[in-house]
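Step one of this worksheet: look at the structure below.
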Amino acid sequence: MTGGVSTGDLWWKNAVVYCVDIETFQDSDGDGIGDIAGLTQRIDYLAELGVTCLWLMPFFPTPDRDDGYDVTDLFGVDSRLGTHGDLVELLRTAADRGIRVVADLVVNHTSDKHPWFKAARRSRDNPFRDYYVWRSDPPEDTSKQVVFPDREDSIWSLDERTGEWYLHHFYSHQPDLNFANPEVRDQIAKSIGLWLQLGLAGFRVDAVPFLVADIDTTRDDVPGDPHEYLKALRSFLGRRRGDAILLGEVNLPHKDQRAYFGGSDGDELTMMFDFIGMQSLYLAMAREDARPLARALKARPKVHPDCQWATFVRNHDELTLDKLSERERQEVFAAFGPEPSMQLYGRGLKRRLPPMLDGDPRRLRMAYSLLFSLPGTPTLYYGEEIGMGEDLEAEGRMAVRTPMQWDSSPNGGFSTASPRRLVQRPVPGGYGPQHVNVADQRHDPQSLWSFLRELIQTYRECPELGWGEFAVLPQQHRQVLAHRCSWQGSSVIAVHNLSAQSVTATVQLDPADLAADGPTFLHDLFAHKRFEAGPAGAVELALDGYGHRWLRTSAPG
Numbered sequence: 001m002t003g004g005v006s007t008g009d010l011w012w013k014n015a016v017v018y019c020v021d022i023e024t025f026q027d028s029d030g031d032g033i034g035d036i037a038g039l040t041q042r043i044d045y046l047a048e049l050g051v052t053c054l055w056l057m058p059f060f061p062t063p064d065r066d067d068g069y070d071v072t073d074l075f076g077v078d079s080r081l082g083t084h085g086d087l088v089e090l091l092r093t094a095a096d097r098g099i100r101v102v103a104d105l106v107v108n109h110t111s112d113k114h115p116w117f118k119a120a121r122r123s124r125d126n127p128f129r130d131y132y133v134w135r136s137d138p139p140e141d142t143s144k145q146v147v148f149p150d151r152e153d154s155i156w157s158l159d160e161r162t163g164e165w166y167l168h169h170f171y172s173h174q175p176d177l178n179f180a181n182p183e184v185r186d187q188i189a190k191s192i193g194l195w196l197q198l199g200l201a202g203f204r205v206d207a208v209p210f211l212v213a214d215i216d217t218t219r220d221d222v223p224g225d226p227h228e229y230l231k232a233l234r235s236f237l238g239r240r241r242g243d244a245i246l247l248g249e250v251n252l253p254h255k256d257q258r259a260y261f262g263g264s265d266g267d268e269l270t271m272m273f274d275f276i277g278m279q280s281l282y283l284a285m286a287r288e289d290a291r292p293l294a295r296a297l298k299a300r301p302k303v304h305p306d307c308q309w310a311t312f313v314r315n316h317d318e319l320t321l322d323k324l325s326e327r328e329r330q331e332v333f334a335a336f337g338p339e340p341s342m343q344l345y346g347r348g349l350k351r352r353l354p355p356m357l358d359g360d361p362r363r364l365r366m367a368y369s370l371l372f373s374l375p376g377t378p379t380l381y382y383g384e385e386i387g388m389g390e391d392l393e394a395e396g397r398m399a400v401r402t403p404m405q406w407d408s409s410p411n412g413g414f415s416t417a418s419p420r421r422l423v424q425r426p427v428p429g430g431y432g433p434q435h436v437n438v439a440d441q442r443h444d445p446q447s448l449w450s451f452l453r454e455l456i457q458t459y460r461e462c463p464e465l466g467w468g469e470f471a472v473l474p475q476q477h478r479q480v481l482a483h484r485c486s487w488q489g490s491s492v493i494a495v496h497n498l499s500a501q502s503v504t505a506t507v508q509l510d511p512a513d514l515a516a517d518g519p520t521f522l523h524d525l526f527a528h529k530r531f532e533a534g535p536a537g538a539v540e541l542a543l544d545g546y547g548h549r550w551l552r553t554s555a556p557g
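In UniProt numbering, the protein residues as written are 1 to 557.
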């Protein structure tokens, strides 16, 4: 129990989240497109890996001009992927294996093919006109506000039929919804209610800042703080399903992030992705210097106990580096994506982690060990567990949305369709299915898959990492990050060497972890050995190049 709440109610505190793009995960009927039935067939695989929360990218009806994020029906299931019945079967099967399922909540915008927008374009006085944001005067230059600068040069587009401009922060075929309109909010609440009723355990909320604090979608006649809408969503979620979560995409500076958790009340987002920590991790790895990451972790805003950070090294979008300075960003580009074909929008990378690290297994294991030991909830993107690569010839973010590689067959076991019918081709070259696949790694004790499975199991046995108080420990070697998470009389200390050079790091235990009389012992959680701390709690740790150690101390007695 914590604060009168069962730890089981706050299941996300030590969950393992796994993100899946349904259309590229498993094709069950041979049409070249992954589907819900195929994903259901792979639930046992996810359970064996240790996944406890499955995050689904959009499965709604769509023209598919933005990989499903251009939605035409918030209440539907895309017929290419299956039916509501298929989704219910997936949810039932996952629940039977102890896996909760969350899904993308794409409500910042719709497709321009959505019936609401098609109606809104018919006339200026159409009842659906106010579902979107319009202006009659020509817009000023907004080229610096667009999300995709390679495709759009303004956040306003002219609708020639009605002679007014409509707002779209993303693509012009994705008009922004007007959240100042109570009818829009009501439709979204009904959609959320439907999916919760079917069994979803929450939502990953897309583009939250545009949803909440966009001046273009607020009106003077709507009173109150724009954050009140997030509070209302969280409250609605709690009434419908008490343990459901809102996992938010909020890529903002630290000073602005705490408000999206609901400040000291913790009544807005349940979880938030740590974009700043992720970007600082890549800078630290590029420099082989842990200090940028240590600074970012120490600068994290303190959040309500019922909230949590979500940590990751890769997601389904470009690997954004926008919160680094231009000089820092160029350092990361030089280390991990020096070619223009590897970069995107001038602010990020279209690569997966293994190719960025030249396939070095030591460095890969260190990076994932660090991910799982950081305070927060680790999030994996499908294929990370086997070290999948990217297809640099694919457009934009599609470079990392390639078919899952199940075996060494030409289609990687993803589909029996002919290659020309696949929704996207498998990764070519040295990271393709012939070289990187589940079948080869699943029974190889030395594989990345086996390492990740053990890592996940060890993480699940360490509630300190999800629940505990966090501190960066002083360290004499700049390439070493040492940190401590303490909870209910026990601590886990993680030490990581970000450089290729071997070092001996000294870690000083907290007085609370020392035995009152007699020696203090620590347990190495991967070597499964116990050893004694030195005088006054000093611990010397030998670390190979890119080495890592997890140690547990126990309260005296």
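Yeah, the Cβ is synthetic: ideal placement off N, Cα and C, and Gly gets one too.
Item                                                                                                                                                                : Value
On the three-state DSSP scale, how would you describe Gln26?                                                                                                        : coil
Which residues mark the beginning and the end of the alpha helix (DSSP H) in which His84 is found?                                                                  : His84 to Asp96
Among Asp153, Thr110 and Pro182, which has the Cα closest to the Cα of Tyr69?                                                                                       : Thr110
Can you find the residues in the same chain that come closer than 8 Å, C-beta to C-beta, to Gly174, ignoring five residues on each side of it along the sequence?   : It is Gln, not Gly, that sits at residue 174 in the sequence shown. Only Asp66, Tyr69, Asp70, His109, Thr110, Ser111, Asp112 and His168 meet the Cβ criterion.
Tell me the DSSP secondary structure of Gly537 in three-state form.                                                                                                 : helix
Going by Cα to Cα distance, which pick from Arg161, Asp513, Glu385 and Pro535 is closest to Ser554?                                                                 : Asp513
Using a Cβ-Cβ cut-off of 6 Å (strictly less than) and excluding sequence neighbours within five positions of Ala335, which residues of its own chain qualify?       : Ala286
Can you say whether Ala533 is buried or exposed, counting buried as having 16 or more other CB atoms within 10 angstroms of its CB?                                 : buried
Quick one: is residue 562 buried, meaning 16 or more other Cβ sit within 10 Å of its Cβ, or exposed?                                                                : Beyond the ends of the chain as shown, which are 1 and 557, falls residue 562; an answer cannot be given.
Thinking C-alpha only, which one of Arg135, Phe451, Phe236 and Pro410 is nearest residue 560?                                                                       : This structure does not reach residue 560, given that the chain is present from 1 up to 557, and the question cannot be answered.
When burial is assigned at 16 or more other CB atoms within 10 Å of the CB, is Thr504 buried or exposed?                                                            : exposed
Going by the beta-carbon positions, is the gap between His54 and Val20 smaller than 8 Å?                                                                            : Residue 54 is actually Leu in this sequence, not His. Against a cut-off of 8 Å, the Cβ pair of Val20 and Leu54 comes out as a contact.
Quick one, which of Ser264, Thr270, Ala527 and Ala259 has its alpha-carbon nearest Leu246's?                                                                        : Thr270
Quick one: complete beta strand (DSSP E) runs, 3+ long, within the stretch 300-370?                                                                                 : 308-311
Can you give me the start and stop residues for the beta strand (DSSP E) that residue 583 sits inside?                                                              : The question about residue 583 has no answer, for the chain in this structure spans 1 to 557.
What residue does the alpha helix (DSSP H) around Ile276 start on, and which one ends it?                                                                           : Phe275 to Arg287
Would you kindly check if the distance between the Cβ of Trp550 and the Cβ of Ala494 is under 8 Å?                                                                  : yes
Grab me the residues of His548's own chain with a C-beta within less than 6 Å of its C-beta, minus the 5 sequence neighbours each way, in chain order.              : Met366, Ser369 and His496
Taking 7 Å as the limit between beta carbons, can you name the residues of its chain near Arg240, skipping five residues before and five after?                     : Gly193 and Leu196
Please report how far the alpha carbon of Gln508 lies from the alpha carbon of Glu540, in whole angstroms.                                                          : 9 Å
When burial is assigned at 16 or more other CB atoms within 10 Å of the CB, is Pro375 buried or exposed?                                                            : buried
Which one or two residues does DSSP pair with Asn497 in a beta bridge?                                                                                              : Val480
Glu469 bridges to which residues according to DSSP?                                                                                                                 : Ser486
Please confirm whether any heavy atom of the ligand COA lies closer than 7 Å to the CB of Asp31.                                                                    : The ligand COA is absent from the structure shown, which contains no ligand whatsoever.
State buried or exposed for Lys144, treating a residue as buried only when at least 16 other CB atoms are found within 10 Å of its CB.                              : exposed
For Pro519, which residues from the same chain have a beta carbon less than 6 Å from its beta carbon, with the 5 sequence-adjacent residues on both sides left out? : Glu532
Alpha carbon to alpha carbon, how far is Asp517 from Gln488?                                                                                                        : 20 Å
Over what stretch of residues does the beta strand (DSSP E) that includes Val438 continue unbroken?                                                                 : From DSSP, Val438 is part of no beta strand (DSSP E) but of the alpha helix (DSSP H) over Val438 to Arg442.
Could you tell me the alpha carbon to alpha carbon distance between Tyr166 and Val332, rounded to whole angstroms?                                                  : 37 Å
Should Gln479 be labelled buried (16 or more other beta-carbon atoms within 10 Å of its own) or exposed?                                                            : buried
Using C-beta distances below 6 Å, list every residue in its chain close to Asp322, excluding the 5 sequence neighbours before and after it, in chain order.         : Arg347
Using beta-carbon positions only, say whether Asp96 and Ala37 come within less than 8 Å of one another.                                                             : no
Beta carbon of residue 618, beta carbon of Thr402: below 8 Å?                                                                                                       : The question about residue 618 has no answer, for the chain in this structure spans 1 to 557.
Nearest-angstrom Cα distance between Cys307 and Lys13?                                                                                                              : 8 Å
Can you give me the start and stop residues for the beta strand (DSSP E) that Ile245 sits inside?                                                                   : Ile245 to Gly248
Taking the alpha-carbon positions, what's the Leu56 to Ser157 distance?                                                                                             : 31 Å
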